[in-house]
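In the numbering used here, the protein residues as written are 15 to 722.
Take a look at the structure:
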């Protein structure tokens, strides 16, 4: 192998050191080439095969008039030894363009590219699928040295790709026989530039006619899209010698439209004038009944007035309609049409799951994050699996903007218990949207997955999350990316993987996030209610999995912060301040008993205001308003203008309907901190009105933890 590499190197050095005067004698050249060849497996083929060998027979024809360009027809037979004791033989034939570049009278460089078909069979072993064939593609280059007028020897290299079987790097010894079919001197004529005179196209017709009718195939899932986006165009031209007036055009597809749709307002055309008209259609959901692609007869009606006479013409072009699961990836936002959050089965599934979540819900964790966990665990418990669609994988379809992919509706994915990445994205985002969580889809090269928005603001997320790099933070929202193909793993791992994919591709400017609420403005979701009712997953299994997932999340978030505070505590002489800070951390993550024990330990030795307020907060959260008021009052006995204590006492008395006492303390708070008082403006109200106002503002159970 090493010796052969040296031969190739010195052969090409010889070419470039030789006189480079081009050999330009014109001739029609037929060349026959018979070569022994070797092939070295590349990539995954190297894991299965050893170096192969064989023979190739090819013929090239280069017409003199084509300036060194022609066609190549070849066939080869190769043996491909496996790394076991067995082998595979392959017979192929291919055709393609060939190029020949004379360097001088002796040396010629050639290049080619071919495509064709191969057939293979096994040697030394039997298998049910031991024979077969597919497409083969090859490209290569050859350098030859002319021995005589007819004989040439040389070396060649190539790359050969046998679809679904093998790819490798080829080396060959070339023995070429040339047959000049005709050789003659051709006079060289000086080319004179000709003046190009524009020629008017004399388009002929009669009356008022429609020309160039173009209709794009319809996608049923986008039927709401076509009333404001064209399904095609048509050109209308006046061939009369007088003006045509009051032209009206209507578009109609029987069965799939209730009535013909008028295209714009009426207009006039002068003699010889034409106009391009876009075709729109107000289609019905009958299109969603199409499970196999079909064709329909469209009808374009033109009414007009000429010479005072009213006329009407009809045209009936054929319209192609895809099946209801079809979609082209020319715009990734189109997936929004498959996100059917209002499907009754999707609503029932999602609402039941989030209702079960309430039993273990942690008020200190973002509610949308908990819903994302619960829905993920429910889909996982339901047994949904990720499977690549072998006929239309997203990896390939997304790179081919005109190719037609097959997408499942969320209900179908639950029925089939599996789906591709686009199917699982539609399912997960539909379930979350059904319970009020805003979602988005993320696209990276060859892949699509899901994201959902937190209730936390960007500033809150940066402060409260231990790993903000695992979030996608925009100007106004915080998104959690979830790799939905990982339903067999934990929610945390799916989240981490989704974040990693985003970071890696965002750095290369290869990632996009499309909020579905924005996409729905262009591509509305459709109704899809076919199929049997969807059973719910096992409640006990989902509840347990959600609780475990939530616990793992809290542990991951809290323990690094606990370690940091404990380290600071050991280095400080004022340990009770760090103990209070540590207890606040526990409280913020819903570990109220643990936090309460620490706060009580602090106040046993001193009347530390932050710890007293925090004890009041925990009692308030647990609806023990008398105990909470007592803790707040102990602070006011020390500091009568403490705004947190004033707020706490006001809220406790409001809950106990002691509105007279509320007025005294709340008015004092307004004077000390008007902004804080305004956040809890419901304290100025009474009864049900106050309750509704507090709930609407989301302030009913909000407390302000005190850290010094």
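Ideal Cβ placement from N, Cα and C applies to all residues, glycine included.
- Only residues of its own chain outside the window of five on either side were considered, and among them 231, 232, 233, 234, 304, 307 and 418 have a CB closer than 8 Å to the CB of residue 336, listed in chain order.
- Looking at 447, 379 and 396, the one whose alpha-carbon comes closest to that of residue 429 is 396.
- When DSSP assignments are scanned along the region 497-523, the uninterrupted stretches of alpha helix (DSSP H) that are 4 or more residues long and fall wholly within it turn out to be 505-520.
- With a 10 Å radius around the Cβ and a threshold of 16 neighbouring Cβ atoms, residue 165 comes out exposed.
- In the structure shown, the three-state DSSP call for residue 370 is helix.
- Approximately 15 Å separates the beta-carbon atoms of residue 224 and residue 245; this is outside 8 Å, ruling out the contact.
- In this structure, 661 is the residue among 687, 694, 688 and 661 with its C-alpha nearest to the C-alpha of residue 679.
- The continuous alpha helix (DSSP H) containing residue 427 extends over residues 424-430.
- Counting along the chain, residue 702 sits inside the alpha helix (DSSP H) bounded by residues 701-711.
- In this structure, residue 157 keeps its C-beta atom at 9 Å or more from the C-beta atom of residue 144.
- Residue 316 holds the alpha-carbon nearest to the alpha-carbon of residue 326 among 333, 316 and 332.
- Separation of the CB atoms of residue 494 and residue 465 is rounded to 6 Å, and the pair is thereby assigned contact status at 8 Å.
- Inter-segment contact for the region 177-196 and the region 40-58 is present: three or more beta-carbon pairs are separated by less than 8 Å.
- For residue 225, the beta-bridge partners assigned by DSSP are 249.
- Residue 65 has its alpha-carbon roughly 41 Å from the corresponding atom of residue 508.
- Residue 292 is bridged by DSSP to 247.
- According to DSSP, residue pairing for residue 180 in a beta bridge involves 176.
- Taking a contact to require three or more Cβ pairs closer than 8 Å, the region 105-113 and the region 48-61 do not qualify as touching.
- Under the criterion of beta carbons closer than 8 Å, residue 722 and residue 591 qualify as touching, at roughly 5 Å.
- For the pair residue 548 and residue 362, the Cα-to-Cα distance works out to about 9 Å.
- Across the set 489, 364 and 443, the C-alpha of 443 shows the shortest separation from the C-alpha of residue 353.
- Taking the C-beta atoms as reference points, residue 283 is found no nearer than 9 Å to residue 328.
- In the three-state scheme derived from DSSP, where H, G and I count as helix and E and B as strand, residue 304 is classed as coil.
- If the five residues before and after residue 440 are omitted, its C-beta is found closer than 6 Å to the C-beta atoms of 352, 353 and 424, all from its own chain and listed in chain order.
- Pairing residue 314 with residue 527, the inter-Cα distance amounts to about 40 Å.
- By the Cβ test, the region 444-451 is in contact with the region 357-371, since at least three Cβ pairs between them sit closer than 8 Å.
- The three-state reading of DSSP puts residue 628 in helix, counting H, G and I together.
- Annotation: residue 550 to residue 369 spans about 13 Å, alpha carbon to alpha carbon.
- About 6 Å separates the Cβ atoms of residue 93 and residue 68, confirming a contact at the 8 Å cut-off.
- Of the candidates 285, 236, 155 and 458, the residue whose Cα lies closest to the Cα of residue 217 is 285.
- Counting along the chain, the unbroken beta strand (DSSP E) around residue 83 starts and ends at 83-95.
- Look at the region 523-595 and you find these whole runs of beta strand (DSSP E), each 3 residues long or longer: 526-529.
- Judged by DSSP secondary structure, residue 382 falls within the alpha helix (DSSP H) whose first and last residues are 381-396.
- Proximity of the region 132-139 to the region 116-124 falls short of the contact definition, fewer than three beta-carbon pairs being nearer than 8 Å.
- Bounds of the beta strand (DSSP E) holding residue 160 are 145-160.
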